[in-house]
Structures are given as C-alpha cells and as structure tokens.
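Trainee: Protein sequences, first through last, are from chains A and B. Per the numbering used here, the very first residue in the first sequence carries number 1; after that it's consecutive. Per the numbering used here, the very first residue in the second sequence carries number 1001; after that it's consecutive. Glycine residues also receive a C-beta, built at the ideal position from the N, C-alpha and C atoms. Bear in mind the structure is a predicted one, so any value in this text is a computation, not a measurement.
Number of protein chains: 2
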Amino acid sequence: MITSFDELISHVKECGKKTLAVAVAQDDAVIEAVHAAHEQGIADAILVGDEEKIRAIAASLQIDPDEFRIINEPDMIQASLTAVKLAHDGVADMYMKGVIDTKNFLKSILNKEVGLRTGKPLSHVALFEVEGVKQLLFLTDVAFMTYPTLEDKVNIINNTVEVAHACGIACPKVAPVAAVEVVNPKMPATVDAAELTKMNEEGKITGCIVDGPLSMDLAIDPEAAQHKGATGRKIVGDADVLLFPDIHAGNLVYKTLVHTAKVENGCIITGTKVPVILTSRSDTFRTKVNSIALAAVVAEALKNE
Amino acid sequence: MITSFDELISHVKECGKKTLAVAVAQDDAVIEAVHAAHEQGIADAILVGDEEKIRAIAASLQIDPDEFRIINEPDMIQASLTAVKLAHDGVADMYMKGVIDTKNFLKSILNKEVGLRTGKPLSHVALFEVEGVKQLLFLTDVAFMTYPTLEDKVNIINNTVEVAHACGIACPKVAPVAAVEVVNPKMPATVDAAELTKMNEEGKITGCIVDGPLSMDLAIDPEAAQHKGATGRKIVGDADVLLFPDIHAGNLVYKTLVHTAKVENGCIITGTKVPVILTSRSDTFRTKVNSIALAAVVAEALKNE
Chain A
1 MITSFDELIS
11 HVKECGKKTL
21 AVAVAQDDAV
31 IEAVHAAHEQ
41 GIADAILVGD
51 EEKIRAIAAS
61 LQIDPDEFRI
71 INEPDMIQAS
81 LTAVKLAHDG
91 VADMYMKGVI
101 DTKNFLKSIL
111 NKEVGLRTGK
121 PLSHVALFEV
131 EGVKQLLFLT
141 DVAFMTYPTL
151 EDKVNIINNT
161 VEVAHACGIA
171 CPKVAPVAAV
181 EVVNPKMPAT
191 VDAAELTKMN
201 EEGKITGCIV
211 DGPLSMDLAI
221 DPEAAQHKGA
231 TGRKIVGDAD
241 VLLFPDIHAG
251 NLVYKTLVHT
261 AKVENGCIIT
271 GTKVPVILTS
281 RSDTFRTKVN
291 SIALAAVVAE
301 ALKNE
Chain B
1001 MITSFDELIS
1011 HVKECGKKTL
1021 AVAVAQDDAV
1031 IEAVHAAHEQ
1041 GIADAILVGD
1051 EEKIRAIAAS
1061 LQIDPDEFRI
1071 INEPDMIQAS
1081 LTAVKLAHDG
1091 VADMYMKGVI
1101 DTKNFLKSIL
1111 NKEVGLRTGK
1121 PLSHVALFEV
1131 EGVKQLLFLT
1141 DVAFMTYPTL
1151 EDKVNIINNT
1161 VEVAHACGIA
1171 CPKVAPVAAV
1181 EVVNPKMPAT
1191 VDAAELTKMN
1201 EEGKITGCIV
1211 DGPLSMDLAI
1221 DPEAAQHKGA
1231 TGRKIVGDAD
1241 VLLFPDIHAG
1251 NLVYKTLVHT
1261 AKVENGCIIT
1271 GTKVPVILTS
1281 RSDTFRTKVN
1291 SIALAAVVAE
1301 ALKNE
C-alpha cells in the first residue's frame, strides 16, 4: 500500500519507466516536468508539437532535447490527434496536455477513431498527501464533473476505486462527504450519500467500502470521529476517497488544501483507455511531476489487467 | 484593524468586559470556557440552569462558582427563555448555548417576546486566522443557511460585513467563491456571484467591496492570483469574507481548515439583537473562548451604534 508520493515514485521506478505522449509540447513548464519525470526514472516522453519551438525551449532550460522523441506537428489540433493516437495504439502509456486549450484537448480524448474512450464517463481525481493525515486522500470530482447525479457518482466512485487499487489500496474506504453526517431529506447530497452506501452494501458498488454521508472531520480525523462517538460506522477518520457533492465543494476544498495545508498532490483524468494528465498552468512543478507519477502507477495497473 | 485572535482579545479587554447569558449552563466545557473568558477579562457570565449541577461542575473543575451570577432554573426550556430575556433586556450583551439542544436554543432566540429577532435573517459566520494567510478570513455560511438564494446571500453579506466592521475592517473585501472565477450560466453559484458584484457596484450592497465569482486561490493567495494574471480584479488574494455557494462547500472547507491547516477560529450567529454563541461539543476550548471574544467585539460595536 502506497502512503506517500515518495513511495508512489519508488513504486513506479520498480515497475519500469512508462511512455508519455504530450499534445502540443512547446511549453517550458511541461518540458521541465517531463524532463524531471525522465530523470527520476518515471517516464520517457514523446513530444508532439512544433519541433523548432520545443528544441528552443529545451535549450533555454539547458535540457538535452534528444532525451525525448520529438514528432514535428506545428498544427495544434493535428498535434493532439497524433499524440492521442500514440496512446490509443499502445505506443504511449499516458497522455498529457501541453499548451493546447482544454476544450480541444478533451476533443482529442473523445475522438472516435484515435481517442481514448472506453464507454465510461470521464472523471477527475486529485491525490493528496496531507501533513497530519495518515492515509493518502483521493479527492473527486474537484475539476471535471460539475453537478454529478447519483448515477454519475457511481461512475466517479468506480473510476476512483480503480486508481486506489492501482496504488495498492485493496479495499479503499469511500466517504461521500457533506455538511452533516446524518441524512436530511432537505439536503440531496446526504440522500445520495446514503443511497451510495446502500448500493455498496447490496453489492452494486464493489471493490470498496462506502459510508456516508460523512462530515469532513469524521472522514479524515480519527480523533474527531471518536470524540463525536462515531461508533458503528465503517469509516472513522480513515477515508481514502472523498466524494464531493459537487464541483464547488470539491474545488474549494482542493484549493484550500493546496494553499493552506502542507501537502503534496497530483491529479489525473480517469475513465479513459490510458490515464490522462491535465494539469493547469497554476499547478506547481512538483504537482506536475506527481501527476505523471500517479498516471504511471495507473498505467502499470492497466497493463497487468 | 484586527489581524489575529490575540489582537481581537486585546481589543476586547480595552473595551471593557461584556456580560454573557448562558442557557442551560450545566456543562463542563461551557463552564471551562466562560471561566477562561472571565479570567482573560473578556466577559462575565450569568449562568442560567440547574444551580446544583452548575456548582458541582465548577467544584470538580476547581473553579469558584461565585465568580458567576447563577440563576437557578432546572427546566431547560424555561432556562433558555430566562437567559435569552437577559440579552433581550440589555442585562447581558451576548447569548450562549449550553447543553440545551440546538432546536430549542434557536426557538428561544426566535421567541417573539423575549427573543433576539431583529427582522433580519440569521446567519453564521466563522472567523479564521490561518497560518500563511495575512488577513483574517470570515467564512459564511458554513453551518446555518443550507442553500441560500441570491436574496439570502445579500443578507448573509450584510450580516457578515457588520461583524467585519466591528473587527475594524472598514471596507471588507467579500469574495463569493466557486469552483471557477468566470461566470458560467451552467453554474448558478457563478451567476449569483456576478449578480452580487453588480449589486455592490450599483450601491445595493454597501460597506464592502464584492468581487466574484472567485476560485479559492484567487481569493486568499496573492501570489497565485498574480500568477494567474488576475489584473483588473478588485480582490487579488486579499479577500476578507469568503461567501460560499452552499452549506456543503462552506462546511467542508471549514472543517478542512480546522483539521489540516494551522488555525485559530471562532464563530457566532449574526442577524440577532446581540451576538449569539452556538459552539458545538466537538469545538475545542480555544474555539469556544475565541467565539466569546468575537461575540464581545460585535457586542461592543452594537453598543456604540
């Protein structure tokens, strides 16, 4: 079981380097991150984009461009389709966004011929190592699905549980979190949470333990959970997965953690044929490298399926 | 301008002790907190409840019960009505919940004859001092209003801005926060945020600067805000008030801060004739004392109105 990003990266190294295809790679932050992933033995990269610009950026960063395979394709849409096809065809194990806008990047993922559709809905998972919290936390969905229905939440759980399994967590504890830990018919999020718990008990959601609704303290703080007398619950401050009621709750907690707590984090898009890395410009260098490492762990698990 | 709980408590001491009426005071955590408030020169307490039990608890805590005024009223409902009347009549400056359940405590506040109604809706505000964040943060509403409408949000802002003014923040910056910082018609929280910003520009919400929607990083992290190029915005990581889309987002962020960041916090109910302290059993001793101090600052401001 992996309990830190250091362990995650060690695990990736043991499994052997993966290959990463980058769409529209002419970006310093992206090249810096894939270079670090290369150096750390996480992944080799195939950079698709404007070769001249890629080489100039590498030179300016004192990175040897020949450590990458470069495919020259100055047109952005075309570059994304070429890059995603590498992942589609199994040449690459992971797919990463460069300087292409998110909309067109997603279009390449959803492309019927060369894309990464599996029939499952896509969702986003952010993995956090938080100082003071023993277990790694998988936050979902904080960036992709806006107002998930009950059915969407089932899909989000399934996508995320796969990632947790890849990280060696055999039976992750999934907490559908809310403002309160009791069902209140006036709060739909709590009703959904109870329904998801029941579906898990009935064997309709498998490979994990679901227990909700849970407030944040009961989900992540064993002491608080015990203090509140959370006996008879399946989760007592030891949740692995935090399932949020909607994107506002998820994203606000996500950014609160990043900007006020001591954390390491990384994130990927799941539900795709191979894991997808869609970091934003505001993500730090470490977050980008961590995201590549998380994707590599999931790619390894998919290979062994 | 107050920028920490230490400064808040110093300010209260300068203003002179306030008086606190406690409903159903026979509770160790409550008696410990009001004793500390007495010791620190924040407030004297009138304890309404079962006198025998109150004296026994004080004795067990080695607190001299005669530092309080005790009104013997063993019946819980009657005790809450007696205590709230003290605040209603101006004998006490603040009203605090003891071991009475929240529902009956709120009933006493809303009582037409002896309660604390002002015609304004009630809302909850949590004040945070967060390590790494320069300004104090007023989080609202994380515990009381569940799914505020646009009109509710205007009321929440008005209630909270009064508290910020009491803390010496002449023109607080109010950030209606959301997952994104741009208006998206598919995300009602962002539409409300833009509407509140417009109402502020048109002079319909006064005494503050409203700028939203804002993501959490743009609201509280000046570096992140600058990195994202948030030019032309009125808030650049320096928000004083974080207005949440709903209770789930608010409460989850609130508890994330408490359980993962280094914080001091306290909270009160506003919109009432005098500030109301409604802490929960899971709140720490410090949070309870901080809440009394915050209430005292607001009580002082109300006196000077």
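(1) In whole angstroms, what separates the C-alpha of H1227 (chain B) from that of S282 (chain A)?
(2) Against chain B, with Cβ distances strictly below 9 Å, would N155 (chain A) count as a contact?
(3) When you compare the stretch 253–265 of chain A with the stretch 1242–1259 of chain B, are there three or more beta-carbon pairs, one atom per stretch, that lie closer than 8 Å?
(4) Do C208 (chain A) and I277 (chain A) have their C-beta atoms within less than 9 Å of each other?
(5) Would G132 (chain A) pass as an interface residue toward chain E - the criterion being a Cβ-Cβ separation below 9 Å?
(6) Indicate whether M145 (chain A) and I268 (chain A) have their beta-carbon atoms separated by less than 9 Å.
(7) Say yes only if the C-beta of Y147 (chain A) is nearer than 8 Å to one or more non-hydrogen atoms of the ligand HEM, and no if none qualify.
(8) May I ask you to list, following chain order, the residues of the stretch 1063–1081 of chain B that have a beta carbon less than 8 Å from some beta carbon of chain A?
(9) Relative to the C-alpha of V1182 (chain B), which candidate in B:M1216, B:K1097, B:A1126 has its C-alpha closest?
(10) Which residue spans inside the stretch 135–184 of chain A form an unbroken alpha helix (DSSP H) run of at least 4?
(11) Could you give the C-beta distance for T1149 (chain B) and V1241 (chain B), rounded to a whole number, given that I count them as a contact under 8 Å?
(12) What is the rounded straight-line gap between the Cα of E99 (chain A) and the Cα of T3 (chain A)?
(13) By Cβ distance, which residues of its chain are closer than 7 Å to N290 (chain A), with the 5 residues on each side in sequence left out?
(14) For S123 (chain A), which residues does DSSP report across the bridge?
(15) Of all the CB atoms in chain A, is at least one closer than 9 Å to the CB of N1251 (chain B)?
(16) Specify, as a first and last residue, the run of the beta strand (DSSP E) that D101 (chain A) falls within.
(17) Note the first and the last residue of the continuous beta strand (DSSP E) segment covering A1023 (chain B).
(18) Mark Y147 (chain A) as exposed unless 16 or more other C-beta atoms lie within 10 angstroms of its C-beta, in which case mark it buried.
(19) So, using beta-carbon positions, are T1019 (chain B) and A1059 (chain B) closer together than 9 Å?
(20) Between I1063 (chain B) and the rest of its own chain, which residues show a CB-CB distance below 7 Å, the 5 nearest in sequence each way excluded?
(21) Between the alpha carbons of D204 (chain A) and K173 (chain A), how many angstroms are there, rounded?
(22) What span of residues does the beta strand (DSSP E) with V1048 (chain B) cover, start to end?
(23) Compare the C-beta of S10 (chain A) with all C-beta atoms of chain B and state if any pair is closer than 9 Å.
(24) Going by the DSSP bridge assignment, what does Y1254 (chain B) pair with across the sheet?
(25) Just the Cα atoms here: how many angstroms apart are P1222 (chain B) and L1136 (chain B)?
(26) For L1169 (chain B) versus T1272 (chain B), is the C-beta distance shorter than 9 Å?
(27) What residue does the alpha helix (DSSP H) around N1072 (chain B) start on, and which one ends it?
(28) Could you check if K103 (chain A) is buried or exposed, using at least 16 other CB atoms within 10 Å of its CB as the buried criterion?
(29) Tell me the rounded alpha-carbon separation between L61 (chain A) and D28 (chain A).
(30) Provide the residue span of the alpha helix (DSSP H) that contains L196 (chain A), from first to last.
(31) I'd like to check one pair, S1080 (chain B) with K1053 (chain B): are the Cβ atoms closer than 9 Å?
(32) What are the boundary residues of the beta strand (DSSP E) that includes V1241 (chain B)?
(33) Residues of chain A with CB under 7 Å from M1216 (chain B), in chain order?
(34) To the nearest angstrom, how far is it from the Cα of V298 (chain A) to the Cα of C1167 (chain B)?
Mentor: In terms of the structure at hand:
(1) 7 Å
(2) no
(3) Between the stretch 253–265 of chain A and the stretch 1242–1259 of chain B, the count of C-beta pairs closer than 8 Å reaches three or more; the two stretches touch.
(4) no
(5) The structure shown contains no chain E; the protein chains it does contain are A and B.
(6) no
(7) The ligand HEM is not among the ligands present in this structure, which contains no ligands whatsoever.
(8) Those residues of the stretch 1063–1081 of chain B that come within reach of chain A (Cβ to Cβ, closer than 8 Å) do not exist; the list is empty.
(9) B:M1216
(10) 150–166
(11) That belief does not hold up - the Cβ atoms of T1149 (chain B) and V1241 (chain B) are roughly 18 Å apart, past 8 Å.
(12) First, the amino acid is wrong: residue 99 (chain A) is Val here, not Glu. Their backbone Cα atoms lie some 32 Å apart in a straight line.
(13) In the same chain as N290 (chain A), and ignoring 5 residues on each side of it, the C-beta atoms closer than 7 Å to its own belong to F5, E264, N265, G266, in chain order.
(14) A:T270
(15) By this cut-off, N1251 (chain B) is an interface position.
(16) Premise fails: D101 (chain A) is in no beta strand (DSSP E) and is neither H nor E.
(17) 1018–1023
(18) exposed
(19) no
(20) I1031, H1035
(21) Looking at the sequence shown, residue 204 (chain A) is not Asp but Lys. When rounded, the distance between both Cα atoms is 15 Å.
(22) It spans 1043–1049 - the beta strand (DSSP E) in which V1048 (chain B) sits, taken as one unbroken run.
(23) no
(24) Per DSSP, none; premise fails for Y1254 (chain B).
(25) 14 Å
(26) Correcting the residue identity first, residue 1169 (chain B) is Ile in this sequence and not Leu. Going by C-beta atoms, I1169 (chain B) is not nearer than 9 Å to T1272 (chain B).
(27) Looking at the DSSP string, N1072 (chain B) is not in any alpha helix (DSSP H); the run it does join, the beta strand (DSSP E), is 1069–1072.
(28) exposed
(29) 8 Å
(30) 188–201
(31) It is not a contact, given that the beta carbons lie outside the stated cut-off.
(32) 1241–1243
(33) L252, K255, T256, H259
(34) Computed Cα separation, rounded: 50 Å.
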